[in-house]
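Down below is the structure, laid out as structure tokens.
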Amino acid sequence: MAEIHQPVLLEESMFWLAIQPTDTYVDMTVGAGGHALNILQRLTDPGRLIGVDHDPEILALAAEKLASQKQQFSLHQDAFSNIESIFKKCNVSKINGALFDLGVSSYQLDKSTRGFSFQQEGPLDMRMNPQNPVTAAEIVNTYSVEDLANLIWTYGEESHSRKIAQAIVEARKKKAIKSTLELATLIAQLSPNAHFFIHPATKTFQALRIAVNQELDELQAGLDHILPYLAPEARLVVISFHSLEDRIVKHFMKKHEAELEILTPKPILPGKAEQRLNPRSRSAKLRCAKRK
Ligand SMILES: C[S@@+](CC[C@H](N)C(=O)[O-])C[C@H]1O[C@@H](n2cnc3c(N)ncnc32)[C@H](O)[C@@H]1O
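Everything in the sequence shown is counted per the working numbering, starting at 1 for the first residue and increasing by one.
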């Protein structure tokens with residue numbers, strides 16, 4: 001099966017997880033199962049992997065990919081913030097390592113019907129979990145100029161946030177904005193001289209995606225809830241893809257320095273070869289801490 005998502009910083013994440021074959025690990029972002037498969041391949045009885053992802057579509061693909069693995073694993077369609085109930089269900093009181101590989105997978109990005117991409121026509125959806133009631137279209141078509149501008153500024157760090165928010169509100173007076181390309185074109189028209197390496201809608205799409213999936217609150221909740229489950233020496237490995245995520249991870253590790261030893265004072269970045277082979281890895285940053 002062709003890779004539908006190229007796992008980022010794969011060797012590095014295995015190294016920093018320092019997997020002990022008979023221990024218990026949790027992959028909080030199973031996605032297409034790339035990291036999960038590599039963790040499982042390093043385990044022997046009674047080693048165990050608990051896999052989490054709130055996207056049922058991608059979790060089904062991961063289940064197929066991992067089906068032939070002999071080591072014990074279970075997959076759970078749930079959010080970071082519910083990790084405690086997953087551990088309770090699995091009868092787990094301590095884990096020896098946790099991996100968060102944040103953001104969306106290439107599968108989600110490339111599937112136009114999911115509405116994540118400003119390069120393909122699709123519904124303005126962006127929900128990783130389709131049971132989530134709020135879509136990007138709902139935000140775009142109902143928020144006030146003020147709220148839209150704040151959202152695009154806070155989650156996209158977009159300096160033209162107000163101009164974009166005003167244009168959205170003007171455009172939707174004529175007709176609701178329902179598709180990815182409608183929104184991307186509207187934003188592109190506001191910045192005719194935009195730098196051609198970065199699409200002018202990049203930051204607005206990032207902001208909407210973060211808001212729809214409550215990504216930053218989820219990350220904070222996931223980190224907070226997993227901390228008490230880390231056994232002594234357990235590794236916490238987090239791969240982030242933008243500064244808002246990385247700031248939360250860095251701050252979390254610093255705040256808990258009494259319990260956590262930071263093993264990566266500077267984040268680990270993908271090498272040139274990986275960046276060339278997988279351009280989506282370019283913004284990745286890996287941080288690791290060990291439970292004291
Ligand atoms: C970058 S992908 C992970 C790719 C995976 N490591 C692999 O090798 O295929 C991130 C995954 O995390 C999931 N995800 C993001 N936020 C989540 C959350 N709050 N709760 C559960 N899953 C989440 C997404 O649905 C996505 O499948």
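Heads up, the beta-carbon is just placed ideally off N, CA and C, and yes, glycines get one too.
Nearest-angstrom Cβ-Cβ length linking residue i and residue j, presumed shorter than 8 Å
i    : j    : result
V212 : I152 : About 13 Å; that fails the 8 Å criterion.
D101 : G31  : 7 Å
A149 : A165 : 4 Å
I39  : I19  : 6 Å
G156 : T204 : 6 Å
F252 : L230 : With 8 Å as the limit, F252 and L230 do not qualify as a contact, their Cβ atoms being about 12 Å apart.
A293 : I248 : Residue 293 is absent from the model: the chain starts at 1 and stops at 292.
A136 : D125 : 6 Å
I83  : V52  : 7 Å
Bridge partner(s) assigned by DSSP for residue i
i    : result
T24  : R48
G97  : Y25, R235
R291 : L260
P123 : S179
H242 : In DSSP, H242 forms no bridge with anything.
F73  : L49
L286 : I239, I268
L230 : I95
Distance between residue j and residue i (C-alpha atoms, nearest Å)
i    : j    : result
R127 : S179 : 14 Å
V134 : I210 : 12 Å
A310 : T44  : It is not possible to answer for residue 310, since the shown part of the chain is limited to 1 through 292.
Q72  : Q108 : 27 Å
R48  : S191 : 51 Å
M1   : A62  : Because the pLDDT of M1 is 44, which lies under 50, any placement of that residue in the model is unreliable, and the number read from its coordinates should be weighed accordingly. Each residue's Cα considered, the two are about 12 Å apart.
L59  : D27  : 12 Å
H242 : L219 : 13 Å
D55  : T142 : 25 Å
N96  : E3   : 28 Å
S283 : I239 : 10 Å
W16  : C288 : 7 Å
K175 : A207 : 22 Å
Q77  : P7   : 20 Å
R172 : L186 : 11 Å
P265 : L10  : 20 Å
A258 : P228 : 13 Å
K290 : L260 : 5 Å
K70  : F197 : 45 Å
H5   : D110 : 10 Å
T154 : L244 : 9 Å
F116 : P123 : 9 Å
R182 : Q120 : At residue 182 the sequence reads Glu, which differs from the Arg that was named. In a straight line, the C-alpha of E182 is about 10 Å away from that of Q120.
T29  : I177 : 31 Å
A293 : I168 : The chain is shown only over 1 to 292; residue 293 falls outside these bounds and no answer can be derived.
Check: residue i C-beta below 7 Å from any heavy atom of ligand 2
i   : result
D53 : Only ligand 1 can be found as ligands here, which leaves ligand 2 out of the picture.
**Request:** Please confirm if the segment 271-281 is in contact with the segment 227-236, defined as three or more CB-CB distances below 8 Å between the two stretches.
**Result:** Two segments are said to touch when three or more pairs of C-beta atoms, one from each, lie closer than 8 Å; by this definition the segment 271-281 does not touch the segment 227-236.
**Asked** Are three or more beta carbon pairs between the segment 154-168 and the segment 77-94 nearer than 8 Å?
**Response** Touching, no.
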